Amino acid sequence: LRQILINLLDNAVKYGPEGQEVRVRVALHDGSLQLEVEDEGPGVPERERERIWERFYRIEDHRRSAVSGTGIGLSVVRELAALHHGEAWAEAGARGGARFVVRLPALTATA
(Lines of atoms letter the chains of each structure in order from A and count residues from 1; the text may use other names and numbers.)
(Lines give C-alpha, C1' and ligand atoms only; values in the text may rest on other atoms or scores of the structure.)
Protein backbone atom coordinates (compact mmCIF):
# COMPACT_ATOMS: atom_id res chain seq x y z
CA LEU A 1 0.00 0.00 0.00
CA ARG A 2 2.86 2.33 0.81
CA GLN A 3 4.40 1.88 -2.65
CA ILE A 4 1.06 2.37 -4.38
CA LEU A 5 0.48 5.64 -2.55
CA ILE A 6 4.05 6.88 -3.13
CA ASN A 7 3.84 6.20 -6.87
CA LEU A 8 0.47 7.92 -7.23
CA LEU A 9 1.52 10.95 -5.19
CA ASP A 10 4.80 11.20 -7.08
CA ASN A 11 2.95 11.34 -10.40
CA ALA A 12 0.43 13.87 -9.09
CA VAL A 13 3.18 16.23 -7.94
CA LYS A 14 5.37 15.63 -10.99
CA TYR A 15 2.72 16.28 -13.63
CA GLY A 16 0.56 18.86 -11.86
CA PRO A 17 1.15 22.61 -11.68
CA GLU A 18 3.17 24.16 -8.88
CA GLY A 19 0.96 25.10 -5.95
CA GLN A 20 -1.78 22.63 -6.87
CA GLU A 21 -3.90 20.82 -4.31
CA VAL A 22 -3.56 17.04 -4.47
CA ARG A 23 -6.47 15.25 -2.83
CA VAL A 24 -6.19 11.81 -1.29
CA ARG A 25 -9.32 9.95 -0.29
CA VAL A 26 -9.75 6.56 1.33
CA ALA A 27 -13.18 5.04 1.79
CA LEU A 28 -15.00 1.74 2.04
CA HIS A 29 -16.99 1.11 -1.11
CA ASP A 30 -19.10 -2.02 -1.60
CA GLY A 31 -16.91 -4.13 0.71
CA SER A 32 -13.69 -2.80 -0.78
CA LEU A 33 -11.13 -0.26 0.30
CA GLN A 34 -10.96 2.50 -2.30
CA LEU A 35 -7.95 4.82 -2.50
CA GLU A 36 -8.16 7.87 -4.77
CA VAL A 37 -5.47 10.40 -5.64
CA GLU A 38 -6.67 13.41 -7.61
CA ASP A 39 -4.52 16.20 -9.01
CA GLU A 40 -5.02 19.48 -10.85
CA GLY A 41 -2.72 18.63 -13.75
CA PRO A 42 -3.54 18.19 -17.43
CA GLY A 43 -5.29 14.87 -16.86
CA VAL A 44 -4.95 11.71 -18.90
CA PRO A 45 -6.52 11.70 -22.37
CA GLU A 46 -9.27 9.09 -22.51
CA ARG A 47 -7.58 7.31 -25.43
CA GLU A 48 -4.49 6.68 -23.26
CA ARG A 49 -6.13 5.67 -19.98
CA GLU A 50 -5.35 1.98 -20.49
CA ARG A 51 -1.91 2.40 -22.05
CA ILE A 52 -0.52 4.35 -19.08
CA TRP A 53 -0.52 1.12 -17.06
CA GLU A 54 1.91 -0.57 -19.48
CA ARG A 55 5.55 -0.78 -18.42
CA PHE A 56 7.70 2.06 -19.78
CA TYR A 57 4.77 3.79 -21.49
CA ARG A 58 4.53 7.57 -21.16
CA ILE A 59 1.81 9.83 -22.51
CA GLU A 60 2.96 11.27 -25.81
CA ASP A 61 2.96 14.89 -24.56
CA HIS A 62 5.15 13.88 -21.59
CA ARG A 63 7.77 12.15 -23.72
CA ARG A 64 8.89 15.51 -25.08
CA SER A 65 8.54 17.46 -21.83
CA ALA A 66 11.14 18.38 -19.25
CA VAL A 67 9.42 16.09 -16.72
CA SER A 68 11.62 13.07 -16.17
CA GLY A 69 10.19 9.60 -15.80
CA THR A 70 10.58 6.03 -16.97
CA GLY A 71 6.94 5.06 -17.30
CA ILE A 72 7.22 2.31 -14.70
CA GLY A 73 5.36 3.77 -11.68
CA LEU A 74 1.79 3.18 -12.79
CA SER A 75 2.53 -0.35 -14.00
CA VAL A 76 3.85 -1.10 -10.51
CA VAL A 77 0.66 0.35 -9.00
CA ARG A 78 -1.56 -1.88 -11.12
CA GLU A 79 0.58 -4.97 -10.55
CA LEU A 80 0.55 -4.45 -6.77
CA ALA A 81 -3.21 -3.93 -6.82
CA ALA A 82 -3.65 -7.16 -8.80
CA LEU A 83 -1.43 -9.08 -6.37
CA HIS A 84 -3.86 -8.02 -3.64
CA HIS A 85 -6.85 -9.14 -5.78
CA GLY A 86 -7.73 -5.54 -6.58
CA GLU A 87 -7.79 -3.21 -9.54
CA ALA A 88 -6.54 0.23 -10.55
CA TRP A 89 -7.80 2.71 -13.11
CA ALA A 90 -7.62 6.36 -14.16
CA GLU A 91 -10.48 8.72 -14.84
CA ALA A 92 -11.08 12.42 -15.27
CA GLY A 93 -10.83 14.37 -12.03
CA ALA A 94 -13.63 16.58 -10.80
CA ARG A 95 -11.33 19.62 -11.00
CA GLY A 96 -9.96 19.01 -14.49
CA GLY A 97 -6.95 16.88 -13.63
CA ALA A 98 -6.71 13.13 -13.25
CA ARG A 99 -8.11 10.83 -10.59
CA PHE A 100 -6.32 7.54 -9.99
CA VAL A 101 -8.35 4.92 -8.19
CA VAL A 102 -7.15 1.71 -6.53
CA ARG A 103 -9.76 -0.68 -5.16
CA LEU A 104 -8.72 -3.58 -2.92
CA PRO A 105 -10.79 -6.13 -1.05
CA ALA A 106 -11.35 -4.90 2.50
CA LEU A 107 -10.22 -7.15 5.32
CA THR A 108 -12.90 -8.29 7.72
CA ALA A 109 -12.46 -8.80 11.45
CA THR A 110 -12.45 -12.57 10.85
CA ALA A 111 -9.74 -12.30 8.18
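According to our numbering, the residues represented by the sequence shown are 156 to 266, in order.
Every residue gets a Cβ at the ideal spot worked out from N, C-alpha and C, and that includes glycine.
No experiment lies behind these values; they were computed from the predicted model shown.
Report the partner residues of glutamate 242 according to the DSSP bridge assignment. Arg258
Which of the three DSSP states is assigned to arginine 233 in this structure? helix
Cβ-Cβ distance between tyrosine 269 and glycine 198 below 8 Å: Residue 269 lies beyond the residue range present for the chain, which begins at 156 and ends at 266; the question has no answer from this structure.
Tell me alanine 253's beta-bridge partners as DSSP assigns them. Ala247
Secondary structure of arginine 204, DSSP reduced to three states: coil
Would you report the Cα separation of tyrosine 170 and arginine 250, rounded to the nearest angstrom? 15 Å
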